[in-house]
Amino acid sequence: MQLPFAGAIDCDTHPAAPSIKSLLPYMTPYWRTQLVERALHTVNFTFTSSKPNVPLSRRADWRAPLEEDANIVPTLRQELLEPFKLRFAICNVLHGSIALFHQDMAAAIISAVNDWTRDHLLANDPRLRASILVSPTDPAHAVSEIERLGEDKRFVQILLPVMGELPLGRRIYWPIFEAAQRLQLPICIHAGSLHRTATTGGGWPSHFVEDYIAQSAAFENVLVSLLAEGVFRKFDRLTFVLAESGVSWYPALLWRNDRMWRATRREVPWIERVPHEIINERVRLTLQPFDGPEDTVAMKRLIDHFDSDRVILFSTDYPHAHFDGLNALPDGLSEALIQRIAIDNPAETYTRLALATDTAQPVGASA
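Note that the numbering used here numbers the sequence shown so that position 88 is 88, with each residue one more than the last.
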């Protein structure tokens with residue numbers, strides 16, 4: 001199903017990540033020398049879960065050349081911004097440097113990625129917004145990046161992978177949450193792993209499909225961690241966006257969480273309300289990849305089980321191959337619900353979008 005109106009906000013867009021060669025101008029002489037002497041400027045750091053030649057990684061009709069930085073924004077206009085008539089697209093530049101064990105090297109590359117994003121994406125189209133890339137393994141550098149870039153209102157959230165060394169509710173990560181809340185930046189928890197531990201609860205998988213399907217279980221683990229560790233109470237103005245998580249697992253987790261909380265609530269007295277009420281207030285899920293049933297009646301029933309029309313955010317997950325043509329929406333959604341998913345929910349989640357100074361259509365208005 002296609003969007004019936006213009007002005008949607010794409011909450012998960014993936015421009016091609018910059019090469020190390022493109023990042024060298026943003027680095028100190030020391031790091032330029034280090035990367036060149038190690039021949040690392042001739043390779044790219046990519047995630048196992050985001051290989052460019054895996055069919056799921058790029059739709060067949062979205063194959064414009066992206067080798068040069070100059071091609072990236074024109075390609076986004078041609079393949080994404082214009083066809084979907086988008087008001088904004090939030091760029092999540094996933095870069096494998098966040099998984100490096102060398103923290104100083106990782107910090108240098110991550111900062112360069114953020115500067116490249118500012119100069120090559122945000123500066124070249126007023127419809128583009130972006131996430132601040134940080135690594136959960138280095139909270140001090142993450143906070144410094146949030147503070148360095150947070151005053152630029154075109155950066156609208158913080159980007160973290162769903163799988164790291166510890167569940168994201170743990171207190172080692174709280175400085176990141178504190179900085180994000182202070183600057184009114186949601187935390188985007190995106191599918192992906194640092195590969196420090198096995199990507200499934202049963203150990204290391206053999207195949208890509210195992211890793212990909214297991215991501216939804218990782219999102220369940222993170223949600224329970226944030227709730228049980230008291231993150232939602234400690235940071236009571238912070239929103240968490242789960243990107244590329246799928247949606248079909250969500251209602252079942254809410255039901256199980258409520259039931260288990262009733263049996264164990266004495267252990268976590270800071271959870272003072274039924275968990276699904278807290279989660280629905282504080283958590284958002286991007287639409288694609290939509291993994292719900294194809295049957296329209298069953299799909300509507302799934303959405304009803306969310307017990308809220310505020311949870312889902314429109315996304316294309318560009319350029320991943322989750323749908324054909326412009327049919328980014330599942331069939332059977334009412335126009336009122338589409339309006340909420342495509343415009344109202346993103347505008348409420350990303351309050352910085354209201355600060356836009358370009359001449360495009362105002363946030364919250366549909367054509």
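Beta carbons are placed, not taken as given, at the ideal position from N, Cα and C, and that holds for glycine.
Determine the closest residue to residue i out of the options, with distance taken between C-alpha atoms.
i, options, result
"L100", "K234, Y30, S193", "S193"
"V274", "T286, R256, L285", "R256"
"T316", "A342, P161, L40", "A342"
"A140", "V113, A179, L159", "A179"
"P74", "A16, D104, I109", "A16"
"K234", "Q181, N92, D331, V36", "Q181"
"L333", "A198, D295, L355", "D295"
"H41", "L24, L56, S57, T28", "L24"
"E244", "G201, V297, I213", "I213"
Where does residue i fall in DSSP's three states?
i, result
"L353", "helix"
"D115", "helix"
"Q275", "In the sequence as displayed, the identity of residue 275 is Pro instead of Gln. Residue state, collapsed to three classes: helix."
"R154", "coil"
"S366", "The pLDDT assigned to S366 is 39, lower than 50, so where the model puts this residue is not dependable; a value taken from the coordinates is nonetheless given after this. The answer is coil: DSSP assigns S366 none of H, G, I, E or B."
"Q361", "A caution first: Q361 carries a pLDDT of 43, below 50, which makes its placement in the model unreliable, though a value can still be read off. Three-state result, Q361: coil."
"G96", "helix"
"L133", "strand"
"A8", "strand"
"F314", "coil"
"P289", "coil"
"L242", "strand"
"T28", "coil"
"L3", "coil"
Ordered along the chain, which non-local residues of its own chain (more than five positions away) have a Cβ less than 8 angstroms from that of residue i?
i, result
"V385", "Absent from the model: residue 385. The displayed extent of the chain is 1 to 367, so no value can be given."
"T349", "C11, P186, T239, V241, R284, L313"
"A298", "G292"
Who are the near neighbours of residue i in its chain, counting only those whose CB is closer than 7 angstroms to its CB and skipping five residues on each side?
i, result
"S19", "N44"
"R154", "L122, R129, A130"
"A107", "D138, H141"
Suppose you measure from the CA of residue i to the CA of residue j; what does that come to, to the nearest Å?
i, j, result
"Q184", "L353", "12 angstroms"
"Q339", "S308", "14 angstroms"
"L326", "F5", "13 angstroms"
"P136", "H320", "25 angstroms"
"R38", "W31", "10 angstroms"
"L287", "D344", "14 angstroms"
"R310", "E165", "31 angstroms"
"H102", "A112", "16 angstroms"
"D258", "N124", "46 angstroms"
"P269", "R237", "20 angstroms"
"L253", "W204", "24 angstroms"
"M163", "H195", "8 angstroms"
"L94", "E145", "16 angstroms"
Under 6 angstroms Cβ to Cβ from residue i, same chain only, skipping five residues before and after it: list those, please.
i, result
"S248", "D291, G292"
"D69", "S22, H120"
"T264", "none"
"P362", "Bear in mind that the predicted position of P362 carries a pLDDT of just 40, short of 50, making it unreliable; the figure below should be weighed with that in mind. Here the set comprises nothing."
"W62", "E79, P319"
"T117", "V93, A130"
Output yes or no for whether 8 angstroms exceeds the beta carbon distance between residue i and residue j.
i, j, result
"V222", "I271", "no"
"L191", "Q215", "It is worth fixing the name first, because residue 191 is Ala in this sequence and not Leu. For A191 and Q215, yes; Cβs fall inside 8 angstroms."
"L76", "N114", "no"
"F323", "P251", "no"
"E229", "R266", "no"
"G172", "F232", "Inspection of the sequence shows that residue 172 is occupied by Ile rather than by Gly. Cβ atoms of I172 and F232: not closer than 8 angstroms."
"P167", "S225", "yes"
"P346", "M1", "no"
"L159", "V134", "yes"
"T197", "D211", "no"
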